[in-house]
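*Asks:*
Residue numbers (the UniProt record's numbering), protein chains in the order written: chain A, 1 to 1207; chain B, 1 to 142.
1) For residue 838 of chain A, which residues of its own chain have a beta-carbon under 6 Å away from its beta-carbon, when the five flanking residues on both sides are left out?
2) Would the region 682 to 697 of chain A count as touching the region 752 to 767 of chain A if we require 3 or more Cβ pairs under 8 Å?
3) Report back the beta-carbon spacing between residue 611 of chain A and residue 557 of chain A to the nearest angstrom; my notes put them in contact at under 8 Å.
4) Are the region 974 to 982 of chain A and the region 841 to 848 of chain A touching, with three or more C-beta to C-beta distances below 8 Å?
5) For residue 922 of chain A, which residues from the same chain have a beta carbon less than 6 Å from its beta carbon, with the 5 sequence-adjacent residues on both sides left out?
6) So that I know if they touch, is there some Cβ in chain A lying closer than 8 Å to that of residue 26 of chain B?
7) Can you tell which of A:250, A:733, A:665, A:861 has the C-alpha that lies nearest to the C-alpha of residue 933 of chain A?
8) In three-state terms, what does DSSP make of residue 114 of chain A?
9) By the DSSP assignment, the beta strand (DSSP E) with residue 77 of chain B in it spans what residues?
10) What is the rounded straight-line gap between the Cα of residue 763 of chain A and the Cα of residue 800 of chain A?
11) Residues of chain A with a CB under 8 Å from the CB of residue 58 of chain B: which are they?
12) Assuming the contact rule is C-beta atoms closer than 8 Å, residue 624 of chain A and residue 631 of chain A should be a hit. Round their C-beta distance to whole Å, please.
13) So which of A:394, A:470, A:401, A:797 has the shortest CA-CA distance to residue 436 of chain A?
14) Which partner residues of residue 1011 of chain A appear in the DSSP bridge assignment?
15) Quick one: any contact between the region 326 to 342 of chain A and the region 361 to 371 of chain A, if contact means 3 or more CB pairs under 8 Å?
16) Could you name the residues of the same chain whose beta carbon sits closer than 6 Å to that of residue 500 of chain A, not counting the 5 residues immediately before and after it, in chain order?
17) On the premise that residue 1171 of chain A lies in contact with residue 1046 of chain A, defined as a C-beta separation below 8 Å, what is that separation, rounded to the nearest angstrom?
18) Look at the alpha carbon of residue 1141 of chain A and the alpha carbon of residue 1125 of chain A, and state the distance between them as a whole number of angstroms.
19) Following the continuous beta strand (DSSP E) through residue 35 of chain B, name the residue where it begins and the one where it ends.
20) Evaluate residue 1202 of chain A with the Cβ neighbour count: other Cβ atoms within 10 Å of its Cβ, from every protein chain shown; 16 or more gives buried, anything less gives exposed.
21) Could you run through the region 1157 to 1174 of chain A and flag, in chain order, every residue whose CB is less than 9 Å away from some CB of chain D?
22) When the Cα atoms are used, what is the spatial distance from residue 409 of chain A to residue 1042 of chain A?
23) Assign residue 970 of chain A to one of two classes, buried (16 or more other C-beta atoms within 10 Å of its C-beta) or exposed (fewer than that).
24) Determine which residues of the region 1002 to 1030 of chain A have a Cβ less than 7 Å from any Cβ of chain B, and write them out in chain order.
25) For chain A, find out if any of its Cβ atoms is closer than 8 Å to the Cβ of residue 93 of chain B; answer yes or no.
26) Express the C-alpha separation of residue 351 of chain A and residue 138 of chain A in angstroms, rounding to a whole number.
27) For residue 309 of chain A, which of helix, strand or coil comes out of DSSP?
28) Going straight from the alpha carbon of residue 115 of chain A to that of residue 206 of chain A, what length do you get?
29) Is there contact here, the region 947 to 955 of chain A with the region 1018 to 1034 of chain A, by at least three beta-carbon pairs under 8 Å?
30) Near residue 701 of chain A, what residues of its chain come up, given a Cβ to Cβ distance below 7 Å and the 5 sequence neighbours on each side ignored?
31) Measure the C-alpha to C-alpha separation of residue 109 of chain A and residue 45 of chain A and round it to an integer number of angstroms.
32) Determine the direct distance from the alpha carbon of residue 724 of chain A to that of residue 1044 of chain A, and round the result to whole angstroms.
33) For residue 339 of chain A, which of helix, strand or coil comes out of DSSP?
34) Is there a C-beta anywhere in chain A that falls below 8 Å from the one on residue 62 of chain B?
35) If the criterion is Cβ atoms closer than 8 Å, does the pair residue 1120 of chain A and residue 1098 of chain A meet it?
36) Just mark residue 254 of chain A as buried or exposed, buried being the case when its beta carbon has 16 or more other beta carbons within 10 Å.
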């Protein structure tokens, strides 16, 4: 090859003329400088010596650059034409070849000198040994095999290094784990003083001893060197864990001995494994390694688990990354779950830790969806795949029983996560049936090897049934099989008594949940004998389990409700009242009284007992003879004087006191900063006490004779009425309600459901207490309605309808309110009833079942759990405080309002009628609530203002002819609006007691709930102003409503819009200052406007229009405050350009009265605001100061001229 | 494709009255004028001129629907003159201003050819309009 080239070169040289050769030579010199000739000659000479003699020096210049190589490659074209043999640099030759064919260097090259005589070309005899290739150069994309010829023997300084070699940095520790044994050997030599005096045996020692010529830190032997002890390269994941998931402190990780097994599989030479190591190894192909690492992961997760309440952060280094880590571990576990043997078991454990054990404190909540956000870890699971894997795992039974139980726990937690997920679980093939087979349908009697049935599987079925109606109906099928736990009583059970009792309890609970959808009640008939046996067992002395008694009572209550109206069950007529009467459950239940004591653990049983009796009496009221009179008498007789002197009295009083204590503890605001665990525990405690209270209230109401709504002469039995009333007053104003109404506290809301029931039943009871005036009752009713939670819709509707029914002319006459008769002629409150009903229950698609099932709910309920509001189906409850205005919202959106499309044909009210009725209702409620100091429920200033704005926006005559009257021109509407606004006008005598300004006082926030997030309030405001501009005829109230958003509390844009874009409007506004809408005039005055454009707009309005009233006051204030140093406050520059310009403009352009006003205007911040004319009549030293200021700012002449304004 | 013909926006139908007045029954000295085949161009100008008159308490207009070529002008006066008279006066003034403007424009336009080389500030001002605190005499120069 080389010969070929040289021959070709020779041939070409021969054909060239002298000039051409000269030219080429010059080119070369030009390229490489003058020294190149010498250099090349030296190279040639050196080569002609025996190459072997230089071998020892070869390494001396390892940094002979790769640049040379590449340069040489560039020279290829030039050298092609070089034919002069003396000049051909042999150093180049091999590289040319290499460029053409990289491996040619490995071929046998010609060592034979040219046989030609005379003028001959000689090439260097480069043997493969002459070329050093750095085999250990790092594998990088820029890898260049280094081919360097041996340098000349004598280094005389002519050789210029073109650059230093940078290609190989120290090898990074990317070796596979198997290499690490070597490393650990060398790690012993970790002496920082190595450079000074290397220890024997270290690479440096060997080098110095045996290879003194080899440069230090030769990259090719970098692997031999000890790793530096400086842990800079892994500081990000610096924390290391041992095999129990405990973090190893930094100080110890260097010191731990290697025999603990903490060095073997990780990178680096420190003890323990970083998270990255663990995740890497959890994908190892060696099962034992993988299983161990999954075990470590699950232990880390266990450690990281958020522990609400304790402020200790378990692993401070990982603070903030918990969720991320949890997701990664979950992913690692899911990946390994399908493996057999211990890997699979450990993977299940890891998943279990991530999903179930992570938030164990909410896992006990059955009454709500637990998901807190869409990115919550359980929501991220690939459900279909994962569930089918679980189903398979149950079918194969290859996992150990503990893992199967953990899988059951995982499925249960997923079912709790959301209703959608619960439905997915039901729908996934074989999953539920496999669970049934594995955990419930075990052989009876159990053999030695067969597993025992597991009550938590029954718990799972209950959860699934609670999630949705369709789940429940699908689960009625396997429900028959569960009868096995009912038929075998714990006394005769082959299982141990606690297990048998627990199975029976769980089964009864499951039937109760089915019953709350009105399903599966027929089993009471079919298995009547068995249930009678259960009943007698529960009543017998043998049964001591409170939870069993409670479950039994709950089931009876539900079935009694089902029997009340046989058409409401699914399918109908599943259970009949006559059968229930025949079974005499009520009598059974009464005998249970004797067994119960006053112990706190029995409270919930008592509550269940009272509810069964209440349900019995409620059913008898419908189905019994003469409204169930005899049944009532029977129950009252049986109770006897228990509530006066007996244990019932003590229990009610005790529960009330305990509940009050719990709630008092929840009062402190510090608890609410983050949901501390003691909040949860207080709530959980309050649950059972509240259940006691509302159960007894319900029983009391059920014992009432038929003709209700009238105060009675004697109550059925005595309750601590005044205590109850005081407690409810406290509860309704308690801070838990707003605190638990955020998105991530929805699960905890289920603890509040008994409390809302307490409120509701108390409200019904309150109606019968002689001391309750209709006024007070309406106040209670309205405030309680605002507290109701999802599931209480039915109660809410009932309360709302009673409120509306009370709004009769008599009611208003009694309250001394004058109501125009036209309202009653048009139907009174009945015309807005559909809107208010819709505000409480907007659709039947989502119907959360109440705690106490009712005949309506067993038919309609679609789920028994509170839904998470981020899902598309949003709860209507709890109501927003301004729900009372909802009819106006529907009017504004009459095109899309679902209420309008479903109104009955007899409804024919006009918009004006609806607005009138709404305003009247609002007005009377405001008055009543204020009178009873329920300030929280009174609509705020912003809510009232915005509602009035909406009324003005009910625009007419957009397209059709024959102009209907605008709603706001209606005299009654106008009067009501003025009345509503009275408390927020400063001049009025009965200004409202000020409340803490909060979110509800911000117009933008209030408007957002109606306009939605996509429409800003500013847009609404521009429409509002434009409407004023077009049609208002300077309606005074309309004009007043223009101003609230222009106070200094709101952004500049509102002021700009009104004063600049629609400046011409100001001429038409003649609102007296005393009529402005505000709680506090300060809002308009301070801080003083600083925007130049706004100030000139104020001045322009003052100069151009005869401004009057409130706008004039505002404009004069801001202009005067800009001009006068005494109004601006201290500390600022006295003479500003703005002030001087403004002053000049006022004097030169303003009318006499304007100049006077500006000069005389006096206001001081922080004191009571002076309204005109008082702010123009003040006296003081400042007058002289102002005049002198004029003199300083403008000129003495002007000062003289202006003296007159103060006369 | 189903857009109304352009001319329908400004050509009166047969027998259509260009202006209709309806007096407001409840509000004193108030009237609503319906002006056919006109849009914001006229509405805004007339409104501005009506509003500039001292006897006027309120003047506003709206175009109820963008596809219906008419606007409603609402005027309320202080009672010294009727809204009709106010509107007439305002329209006279407006016509006057517009013809003055036209005359001025034509005059200036004819100068274009005569002294074409004169380069004037395209906005005709001294350049202070951009600064909020100019030193001119007019309030607009702030």
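Just so you know, even glycine gets a beta-carbon here, dropped at the ideal spot from N, CA and C. Please read these numbers as outputs of a predicted model, since none were measured by experiment.
*Replies:* The relevant details are as follows:
1) 899
2) yes
3) 5 Å
4) no
5) 884
6) yes
7) A:733
8) Because the pLDDT of residue 114 of chain A is 45, which lies under 50, any placement of that residue in the model is unreliable, and the question is left without a value.
9) 70 to 77
10) 12 Å
11) 1032, 1033, 1034, 1068
12) 5 Å
13) A:394
14) Beta-bridge pairing links residue 1011 of chain A to no other residue.
15) no
16) 490, 493
17) About 18 Å; that fails the 8 Å criterion.
18) 14 Å
19) 30 to 36
20) buried
21) Protein chains A and B are contained in the structure displayed, whereas chain D is not.
22) 60 Å
23) buried
24) 1029, 1030
25) no
26) In this prediction, residue 138 of chain A has a pLDDT of 45, which is less than 50 and means its spatial position is unreliable; what the coordinates show is noted afterwards. Looking at the two C-alpha atoms, the distance is approximately 40 Å.
27) Unreliable placement is indicated for residue 309 of chain A, whose pLDDT of 47 sits below 50; the coordinate value is still reported in the next sentence. Coil at residue 309 of chain A, not helix or strand.
28) Reliability of the predicted coordinates at residue 115 of chain A is poor, the pLDDT of 48 falling under 50, and the value obtained from them is presented with this limitation in mind. Cα to Cα, the separation comes out at about 48 Å.
29) yes
30) 761, 764, 765
31) Caution is warranted here: a pLDDT of 44 is assigned to residue 109 of chain A, below 50, making its placement in the model unreliable, and the coordinate value is therefore given only provisionally. One C-alpha to the other measures close to 20 Å.
32) 42 Å
33) coil
34) yes
35) no
36) exposed
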